[in-house]
Structures are given as structure tokens and as C-alpha cells.
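A.B. asks:
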Amino acid sequence: MADTPQIADTSPHDWKYISEGGSTIVFSYTGPLHPQFDGTALRLRKGPVSGREHTDTEQYQQPQLAETHDQGEEPDDPTIVFQSAVIERLVPRQFLPRLDAVRVERAWLQQLAHLTEAQRPKERRAKDRIDTGRRKAVLATDLVGGDGWAVEIKPKWGFLPARTHLSDETREIKTRTCRFCMHAHLKSTQGEDVSLGYCPLDLFARDKARVTRALHALWSVWLGSGAAVNNLRVFVQGRKLTPAADVPSLAPLAAQLFPEASHEGGPAHTPDEVRDALTSALLPLLLDTPVLRTLSTLQRTLDALDVEGLTALWARLRPADAAELGEGEADPDVAEWTRFVDTYLSRHPPRPESASASEAQTQTRTRAGPPAEADEDELRYQLQAYLLSASFKDCSVILRMKPGQAVGQGTITVIDLDVKGIDRLAKWAKLDREIVDAYRGIPPRDCVDAWAISA
Ligand SMILES: [Zn+2]
1 MADTPQIADT SPHDWKYISE GGSTIVFSYT GPLHPQFDGT ALRLRKGPVS
51 GREHTDTEQY QQPQLAETHD QGEEPDDPTI VFQSAVIERL VPRQFLPRLD
101 AVRVERAWLQ QLAHLTEAQR PKERRAKDRI DTGRRKAVLA TDLVGGDGWA
151 VEIKPKWGFL PARTHLSDET REIKTRTCRF CMHAHLKSTQ GEDVSLGYCP
201 LDLFARDKAR VTRALHALWS VWLGSGAAVN NLRVFVQGRK LTPAADVPSL
251 APLAAQLFPE ASHEGGPAHT PDEVRDALTS ALLPLLLDTP VLRTLSTLQR
301 TLDALDVEGL TALWARLRPA DAAELGEGEA DPDVAEWTRF VDTYLSRHPP
351 RPESASASEA QTQTRTRAGP PAEADEDELR YQLQAYLLSA SFKDCSVILR
401 MKPGQAVGQG TITVIDLDVK GIDRLAKWAK LDREIVDAYR GIPPRDCVDA
451 WAISA
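What follows is the structure, given as C-alpha cells:
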């Protein structure tokens, strides 16, 4: 289409590196005033560094979602298609970034890569780089650039599984320690940096003491790991802050949180003071927003069977293929995703935010799980539901504060809601067994699910 913006209208020098995830890398526009690019971030796909054998390319492959392929026209990025067809029907638009297609070209991308490569983390540079073969990328609302500060939280799994579909062998373990806490335990035994001590159910609880505990846990892991663990990221004026356990590394954040003190060159604030000011600024927003509750409900209702129940359903209907969950199943296209959301919304009608926990429970309980006479259609529904639940388990929220805004007056936006490929299902089922096996004999953490459906 003629009105798709062209990245070549800007200079690669005008884009500042912000951060990257497993499959994408993000830049913020800092160039001269431009109606199409002011306040935007450029999200580019990455590809594996060539010449490496046995690279795990899984994370670079996105299911294609375009309905039709015009001759010679690269379809819009799957993230854009997925957001408009699926996500915007489940999460209110005010909590989502604007996403538009933008045309890119090889020479421009190569120049940008050349200019910014040195700022990328070393481990990432060894593995991947900007995919310069793409002709389209995503232009998104820039949620961390400009004045002020922002926090990115990857909340992860905000629910405990229902007991119904768990096996006798895992029920006690899985309903007393949440999936994130168990996974953190497994990773820590493997020597990985993890958010030990952070329990997502605290963050999702909408309870002042518990949300505070979650924020403090995220902060201490952030500080202790030098921001290497990705559950918390802090941005000040568009720059990702890398903390060390000293005062100067926190100075840019302290200057935002204690604006009156920073002009004076007064005494520096201790890390604990900065943490407490950050917590006070974020708490009102987290306690007030319906977003986390929405994410938790979506995760819970889409993953109604647990991967164990899903595997059992699969084995019942596909005994021949029972070894590999999802094997041979095609990725849903846009039309199938649209029908899926129709069905999901008819099973779980949106309810007013004010509905009490017990009303929500009744509704969820009567609808949960597959009918006893589950058929092929039901299996397909549950496979898709699990895939979509994974998008909501893996997304991030950005809490953005602008200078001079009153406490609690920031915005909260859900990002990174990408479509997952169906070939991941078997890996998730395997990982689930590893995580539970590693937790056998470990004292339960007794994680509390504030929105649990009482048995
Ligand atoms: Zn937990």
C-alpha cells in the first residue's frame, strides 16, 4: 500500500538501540520532527548468525498469518496481523501499543546494524543479528523513549492450575508451588541467573503487601544480576539502566524519583531508598489497573487443562501419535484464529471488571475443561487455546511515567504478544515434566493464587 511508511525516509543514525528479546530487537526514533516517526519504536526480526552449525532457529521462526499473498508483496509481520485479529478482541486497546507496518531495505538495515552492533549484549551478538533480508518491519508506540522513565516487567504465569486435570502424581506439587517458582528452582540448579524469590502470584494479587513483596524481589534480582535477568528492566530517558551495587549506577533513576534533590547535588540516595521510591511510584498503578487480572484470567481460561490434561486429551484422540503433543498439526491461519476467538468468547463471555471473585469462579468453573465426549474439534480448540495462553504467559507490561506526573498517573501497556508456533507444544510438555521432576521432594512454597477457583 502506498501509505506504508518507508524507513529510508529517516537516517539509521536517528535510531537508538533500546533492547532485544529472543527474536526481535528494538530501536527508538530520536531524529528530527517527523509526523510518521515521532514517538515510535522500530521492531526488527533477528536471524541466526550465519556459519554456525546446529543453531537453534526455533525462536526466529514465526508462523505466517497472512490470509493472502499478493504477488511479490511480503506480508505484514505476524505480530501486526495477530494483534488486530486476536489480541485486540481480548485485551482493551487502551492497554496495547499501536502497531503499524513499515517498509525496510537491506542497505539501510545493514547500516543500522553496523552502527549499533557494539551496544548489543555480547551473548546475543554471538548468536544472532538483525535479519537484513526482510522488506517489512513493525513500527510501534515508543513506550520507553523520550523524557521520564519506564519499567518493563515480564510477569509470567499468574495462576495455579485447577486440580481437575492433573495426575495424582503431580497434583500436590503443581497446586502448592506455582509454575514460575518451580521453573526458577530448576534453572537455579542448572546455574542460570533467575528471579529466585519473585512469585508472579504476588504481583497479580492486587494486594499492597504482596505487590510490594513482588517488586522488592524483582528489584533485588535486577540489582544483583546487573539487569541480566529479564523479568525487570528499567529505562530512564530512553536508555536501559544497567545497575551495579553502587550508588552512581542508580543516579539517573534517583534523579527521576527525587527530582527536588537532584538539582542541589545533595546527598546521594541509597539503593534501598531508590527501591522504595520506585515501589511507591509503581504501586498505585499496579493496584489500580485491571490489566494484570485480565492477563491472569486469559492465561487461566486458555490453559484450562494444564499441559498434562491437554496431553491426555491428545493421547485419547490420537493414540497413534500420542508420543508427541501437536505433531503433524498445522499452525492456525488468521481465519482459524478468528473462529477460535469467537468460540472462546462464547465460552467465556467478558464480564464487568467489578464482578466479584465468586461470580468469576462460577463462570469459569462451569465452562472449564473439555466436554466428556471431546472430539477432534475440541482437541483443535484446546491446542489453539494452549498456544494463545503461552502468548499471555510470555508477554511484558510497560509502566511508563512522564516527568511531573502525579504518582500513580502513569500508563500501563502490554507488549510482546506474539503468536507461538504449534511445533512448540511438544517441547513445553517435556519442559513441564522436567520442571515438576526437579521439584519432587522440595518443600512447597505455598504460592497463593488470589483469583483461584476454589475446589
Ligand atoms: Zn510462586
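Residue numbers for the sequence shown follow the UniProt record's numbering, so the first one is 1 and each next one is one higher.
Glycine included, C-beta positions come from ideal geometry on N, C-alpha and C.
(1) Given this structure, state the Cα-to-Cα distance separating L115 from P12, to the nearest angstrom.
(2) Helix, strand or coil: which one does DSSP assign to residue 495?
(3) At what residues does the beta strand (DSSP E) containing T24 begin and finish?
(4) Ignore the nearest five residues each way along the sequence and tell me which others in T366's own chain have a CB closer than 8 Å to its CB.
(5) DSSP state of D202, grouped into three classes?
(6) Would you list the one or two residues that DSSP bridges to S87?
(7) Classify H54: buried if its beta carbon has 16 or more other beta carbons within 10 angstroms, exposed otherwise.
(8) For the beta strand (DSSP E) that contains T411, what are its first and last residues?
(9) Does the count of Cβ pairs from the region 146 to 164 and the region 108 to 123 closer than 8 Å reach three?
(10) Would you check whether ligand 1 has a heavy atom nearer than 7 Å to the C-beta of R300?
(11) Report the rounded CA-to-CA distance for S346 versus I422, giving the unit in angstroms.
(12) Report, in whole angstroms, the separation of the C-beta atoms of L65 and V334, which I expect to be a contact under 8 Å.
(13) Keeping to the same chain, check which residues put their C-beta closer than 8 Å to that of A360; ignore five residues upstream and five downstream.
(14) Can you tell me which residues form a DSSP beta bridge with V102?
(15) Which residues in the same chain have their Cβ closer than 6 Å to the Cβ of P332, if we skip the five residues on either side of it in sequence?
(16) Taking the alpha helix (DSSP H) that I398 falls in, what are its first and last residues?
(17) Nearest-angstrom Cα distance between P63 and L257?
(18) Determine whether the beta carbon atoms of A140 and A41 lie at a separation below 8 Å.
(19) Please confirm whether any heavy atom of ligand 1 lies closer than 7 Å to the CB of L196.
(20) Going by beta-carbon coordinates alone, are G145 and G47 separated by less than 8 Å?
(21) Just to confirm, is the Cβ distance from V138 to T79 under 8 Å?
(22) Are the beta-carbon atoms of S280 and V229 separated by less than 8 Å?
(23) For G47, write down the residues that DSSP places opposite it in a beta bridge.
(24) Spatial neighbours of S225 within its chain, please: C-beta separation below 7 Å, excluding the five flanking residues on both sides.
(25) Span of the beta strand (DSSP E) holding I18?
(26) Just checking my contact of L287 with W149 at CB under 8 Å: how many whole Å lie between their CB atoms?
(27) Given P5, which residues of its chain have a CB within under 6 Å of its CB, disregarding the five upstream and five downstream residues?
(28) Look at the alpha carbon of E308 and the alpha carbon of E434, and state the distance between them as a whole number of angstroms.
(29) How about Y381 and T343: do their beta carbons lie closer than 8 Å?
(30) Evaluate G326 with the Cβ neighbour count: other Cβ atoms within 10 Å of its Cβ, from every protein chain shown; 16 or more gives buried, anything less gives exposed.
(31) Is there contact here, the region 172 to 189 with the region 430 to 445, by at least three beta-carbon pairs under 8 Å?
(32) Whose CB is closer than 7 Å to a heavy atom of ligand 1? List the residues in chain order.
(33) Please work out which residues of its chain come closer than 7 Å, Cβ to Cβ, to F95, disregarding the five sequence neighbours upstream and downstream, and give them in chain order.
C.D. replies: So, from the listed chains and residues:
(1) In a straight line, the C-alpha of L115 is about 8 Å away from that of P12.
(2) With the chain covering 1 to 455 only, the question about residue 495 has no answer from this structure.
(3) From DSSP, the beta strand (DSSP E) with T24 extends over 24 to 29.
(4) Residue confidence is low: T366 scores 44 on pLDDT, short of 50, so the model does not pin down where it sits. Its coordinate-derived value is still stated next. Sequence-distant Cβ neighbours of T366 in its own chain, meaning closer than 8 Å and more than five residues away, do not exist here.
(5) D202: helix per DSSP, three-state reduction.
(6) According to the sequence as given, residue 87 is Ile; it is not Ser. Bridge pairing for I87: absent [DSSP].
(7) Its pLDDT being 43, under 50, H54 is placed unreliably in this model, and the value from its coordinates should be taken loosely. It is exposed - the Cβ of H54 has fewer than 16 other Cβ atoms within 10 Å.
(8) For T411, the uninterrupted beta strand (DSSP E) run begins and ends at 411 to 415, by DSSP.
(9) Judged by Cβ distances under 8 Å, the region 146 to 164 makes no contact with the region 108 to 123, as fewer than three pairs qualify.
(10) For R300, the Cβ stays outside the 7 Å cut-off from all heavy atoms of ligand 1.
(11) CA-CA distance, S346 to I422, rounds to 23 Å.
(12) So it is a contact: roughly 5 Å between Cβ atoms.
(13) For A360, the pLDDT reaches just 49, beneath the cut-off of 50, and the residue's location in the model is therefore unreliable, leaving the point undetermined.
(14) According to DSSP, V102 bridges with A137.
(15) If we look at P332 and ignore the five residues flanking it on each side, its Cβ neighbours are Q384.
(16) Annotation for I398: no alpha helix (DSSP H) segment contains it, though the beta strand (DSSP E) segment containing it runs 396 to 401.
(17) The C-alpha of P63 lies about 42 Å from the C-alpha of L257.
(18) Judged by their CB atoms, A140 and A41 are nearer to each other than the 8 Å cut-off.
(19) No, Cβ of L196 sits at least 7 Å from all heavy atoms of ligand 1.
(20) No, the Cβ-Cβ distance between G145 and G47 is not below 8 Å.
(21) Contact: yes.
(22) Taking 8 Å as the Cβ cut-off, S280 and V229 do not qualify as a contacting pair.
(23) Answer is R129, bridged to G47.
(24) Hits under 7 Å: D193.
(25) Membership of I18 in the beta strand (DSSP E) is indicated by the continuous run 15 to 20.
(26) Between W149 and L287 the Cβ distance is about 19 Å, and since that is not below 8 Å, they are no contact.
(27) Once the five neighbours on either side are set aside, the close Cβ partners of P5 are Q36, V102.
(28) Spanning the two alpha carbons is a distance of roughly 13 Å.
(29) The answer is yes: Cβ separation under 8 Å.
(30) Per the 10 Å Cβ criterion, buried.
(31) Enough Cβ pairs lie closer than 8 Å, so yes.
(32) Listed by position in the chain, the residues whose beta carbon lies within less than 7 Å of some heavy atom of ligand 1 are T177, C178, F180, C181, C199, P200, L201, R445, C447.
(33) For F95, where only same-chain residues beyond five positions count, the Cβ hits under 7 Å are V291, I412, T413, V414.
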